[in-house]
Ligand SMILES: Nc1ncnc2c1ncn2[C@@H]1O[C@H](COP(=O)(O)OP(=O)(O)O)[C@@H](O)[C@H]1O
Ligand SMILES: [Mg+2]
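In UniProt numbering, the protein residues as written are 1 to 471.
Printed below as a string of structure tokens:
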């Protein structure tokens, strides 16, 4: 029913339908090119990857340890000189390892003292052992998302754990630093807000609002479609989050059901600002996103603005109404060809029973290929003023005083534990392969400044801070 959702290898993975489709497509041999691994395309850091050094070193070590383990056998067959060489090599590598350990310790001490003097963290340094890890509620491209309890206050958070090894391997250091920087400058009832950011040798952590109701990919997978009321409510929540982000000059760029999470009362919030960006005039080269939800101007590498998020919102509305997306395909190219071929619109005859004409008009105007024809191109008020939202109680929605038309299960888990475990296994395998590189000082320094434990105080205006990042 859906088309393949994919990303290039260095990008993050999202749980959910897209990945599942992609897996079955891959099984069927539909992978197209080697570039297709995940369902989000992300521009990566352009620095050369230190990964290769990691692999090299790892392979030297493993072959070394193999010969050490089998020294008895090899002493029978190998000349003595070779054995001596191996032992010398072993000693050298051991020394190198000790040297690296020393460097890492020094680096950690330096960082600790930096954090103690840092404006953000003079309160106390947040660490993993300050949380009770309850269970895993999601998996992203770099690791697990946990439900945790902050021991000191008893407060529940979602803790997003991201493996440094995976981040480096996927060349996404800028992306995770960017996510933390943007999040720490935003706060809104329709965004998943940040509370803490901290790190250890292997992982980065973000403590976020805990959303008990699961993500919309999980729910649309179960429900197939939503009702008009439910869809309008979801779209209104997402709109409030987007309106706020845009007012802060931020484009989200990856609005899709996996990144929209429900609280226990059925209110939706936007999460995953991994590829969000401060608006810049010349951004034609920023082509990150997920093809099925990606606006044509991004697909076609043109300059783009906030209305790319409204296009994605329209795709979501279409999907919730009809149970399929307007433009599907097994590859980015197939989806792009479809978008270029024709403007999809919901026809009168396709509108399901009990849905209004206004709903179809609203969605049709959002999925306009030409940005200047798209609702919201001239500002967020265009969405508010559309007849589908006539008399909509925006203020009550903002205050969360409405009864949501879709309430997630209160007792059951709102995620697919099996799917989570499959995706987690894939990550774990990769993490183990790349673990060695974390000993390097040059790797650890790339994460300097990640820590944050007082999100209400910002050291410099968001623009200035974000402009310091090289995309
Ligand atoms: N705050 C949260 N509360 C509950 N579940 C969450 C939260 N944040 C993320 N998740 C779940 O974890 C998944 C991965 O998180 P996400 O931030 O999207 O990671 P990635 O950036 O790697 O895609 C989401 O699709 C969602 O199912
Ligand atoms: Mg995501």
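No residue lacks a Cβ here, since even glycine has one placed at the ideal position from N, Cα and C.
Here the distance from the Cβ of residue 210 to the nearest heavy atom of ligand 1 is below 6 Å. One Cα belongs to residue 315, the other to residue 156, and the distance between them is close to 33 Å. For residue 199, the secondary structure class from DSSP, reduced to helix, strand or coil, is strand. Burial of residue 368 is indicated by the presence of at least 16 other C-beta atoms within 10 angstroms of its C-beta. For residue 301, the three-state secondary structure derived from DSSP is coil. Bounds of the alpha helix (DSSP H) holding residue 333 are 332-341. Closest in alpha carbon position to residue 232, among 339, 387, 129 and 374, is 387. Taking C-beta separations shorter than 7 Å and ignoring five residues to either side along the sequence, the partners of residue 284 in its chain run 301, 302 and 303, following chain order. With contacts defined as CB atoms closer than 7 Å, residue 216 and residue 257 qualify as a contacting pair. Set against 6 Å, the gap from the CB of residue 259 to the closest heavy atom of ligand 2 is smaller.
Contact between the stretch 138-152 and the stretch 222-230 is absent: fewer than three C-beta pairs spanning the two stretches fall below 8 Å. In the DSSP assignment, residue 163 falls within the unbroken beta strand (DSSP E) covering 156-163. With fewer than 16 other Cβ atoms from the protein chains shown falling within 10 Å of its own Cβ, residue 409 counts as exposed.
The continuous beta strand (DSSP E) containing residue 143 extends over residues 143-150. Between residue 253 and residue 289, the gap from beta carbon to beta carbon is short of 7 Å.
The closest CA to that of residue 291, considering only 282, 436, 326 and 366, is found on 326.
Taking 4 residues as the minimum length, the alpha helix (DSSP H) runs contained wholly in the stretch 181-244 are 216-223, in order along the chain. DSSP places residue 344 in the coil class of the three-state scheme, outside both helix and strand.
Its Cα nearest to that of residue 286, the residue 308 stands out among 442, 320, 308 and 414. Nearest neighbour of residue 40 by Cα position, chosen from 140, 238, 185 and 375, turns out to be 140.
For residue 133, the enclosing beta strand (DSSP E) has its first and last residue at 131-140. If you check the C-beta of residue 309 against ligand 2, you find no heavy atom less than 6 Å away. In this structure, residue 168 lies away from residue 142, with their beta-carbon atoms at least 7 Å apart. Where residue 270 is concerned, the enclosing beta strand (DSSP E) starts and stops at 268-270.
Burial state of residue 445 is exposed, judged by a 10 Å Cβ sphere holding fewer than 16 other Cβ atoms. In summary, residue 296 is buried, with 16 or more beta-carbon neighbours lying within 10 Å of its beta-carbon over all protein chains present. Distance from the CA atom of residue 428 to the CA atom of residue 349, rounded to whole angstroms, is 48 Å.
Measuring C-alpha to C-alpha distances from residue 338 to each of 379, 294, 351 and 361 identifies 294 as the nearest. Under the DSSP assignment, residue 260 falls in the beta strand (DSSP E) whose first and last residues are 260-262. For ligand 1, a non-hydrogen atom lies closer than 6 Å to the CB of residue 140. One alpha carbon belongs to residue 199, the other to residue 178, and they sit about 15 Å apart. Only residues of its own chain outside the window of five on either side were considered, and among them 389, 392, 394 and 397 have a CB closer than 8 Å to the CB of residue 236, listed in chain order.
Selection 204, 127 and 403 evaluated against residue 161 yields 204 as nearest (Cα-Cα). Closest in C-alpha terms to residue 280, from the list 189, 251 and 196, comes 251. In the DSSP assignment, residue 434 falls within the alpha helix (DSSP H) that extends over 417-434. Residue 424 is positioned such that its CB atom lies no closer than 7 Å to that of residue 103.
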